[in-house]
Structure formats: C-alpha cells, structure tokens
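The sequence shown runs 866 to 1006 under the numbering used here.
Accompanying notes for the structure given below.
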Amino acid sequence: MRQLKTGLGLVLFALILAPALRAQMMEQVVPGEVRVFQIKLHSKGAAAGFNPFLVIVKPEDKVRFVVTSVDKDCDFEVKGLNVHQKVKKGVPTTIDFKVPGEGKFDYSCGSMVRHELHHEVKGTLVVRKATEAAPPANGGA
C-alpha cells in the first residue's frame, strides 16, 4: 500500500507540480518588474499548509507575496531575509521585498502554526538562476 501511495505521489508531482514549477522558472520577467505570488495558508485539517508551498525566483527579483491566512491570524516571516508581517485572518496582506543572491529560505507563520502531526507548517522560497533557455515564442513552429 505504501508503494502505491508513493507511486501516486510521484505521478501527481510529474503531472501537476513539475510543469508549474518549470513555468515559474521559465517566466520572462522584465527587469524592475515585480513578481507577484498569491499565498494562502490553512492551519488546520487535511489542507494544512501554504499554497503554493514552493516559490522559485531568480537572484535580485522584486517579489510581492499577497498572503491570506484562511483560519487564524499569524506572524508571517521569511527566515533569513528580514521579512516580517502580521497577517489577519481572511485579509490579504501585501508583502514586498527584493531577494538576494541564490539560496533557500523558509517562510512560515512562526511556531504558532502547527499541523496535527506536530510539524511546523512552512513553505520554501528558492532563489536560483534559470538553468534552461526559454522556449521559442512561437512554440517552435
């Protein structure tokens, strides 16, 4: 049964998440333009966590997180980037910042948000250079 769940998880990743992550990395950003990410937090139940739980940007990108906590107030932070903001339940909160060079940074609502399995609910911001060339604008035709 465990192998079946693992296999289904890999298929789900390949079909749904991998193309979305590739699209994030391949997105053409005009220098000086702000990259906007809508982030929702559920602190309870089966949907507990951040959506999206993984955000990929390039070094020196200007980033805007619009964070909405669905079921409770929280103190949102991006660890290591000096980003801290109070988020009220149900109120979209805009947080602007510029990312540094490459690295990996966790975002969370501090230690107050925990899932039933007693682990911290967090997301990850990955800052890295694009590794692939963008596809041709005309789709290769």
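Ideal Cβ placement from N, Cα and C applies to all residues, glycine included.
Values in this document were obtained by computation on a predicted structure and should not be read as measured data.
For Pro965, the closest C-alpha among the options Thr959, Val991 and Lys954 is that of Val991.
Bounds of the beta strand (DSSP E) holding Asn916 are Gly914 to Asn916. Its chain contains Arg929 and Val931 as the residues whose beta carbon lies nearer than 7 angstroms to that of Thr959, once the 5 sequence neighbours on both sides are disregarded; these appear in chain order. Closest in C-alpha terms to Lys905, from the list Asp926, Phe941, Ile921 and Pro924, comes Phe941. Ser908 places its beta carbon less than 8 angstroms from that of Lys937.
Exposed is the label assigned to Gly955, since fewer than 16 other Cβ atoms lie within 10 Å of its Cβ.
Residue range Val948 to Val952 is occupied by the beta strand (DSSP E) that includes Val952. In the DSSP assignment, Asp961 forms a beta bridge with Arg929. When rounded, the separation of the alpha-carbon atoms in Lys927 and Lys963 is 4 angstroms.
Around the beta carbon of Val943, a 10 Å sphere encloses 16 or more other beta carbons of the protein chains shown; the residue is thus reported as buried.
If you compare the alpha carbons of Cys974, Lys994, Lys953 and Val920 with that of Val901, the shortest gap goes to Val920.
Residue range Cys939 to Val943 is occupied by the beta strand (DSSP E) that includes Cys939. By the beta-carbon neighbour count (other beta carbons within 10 angstroms, threshold 16), Phe915 is buried.
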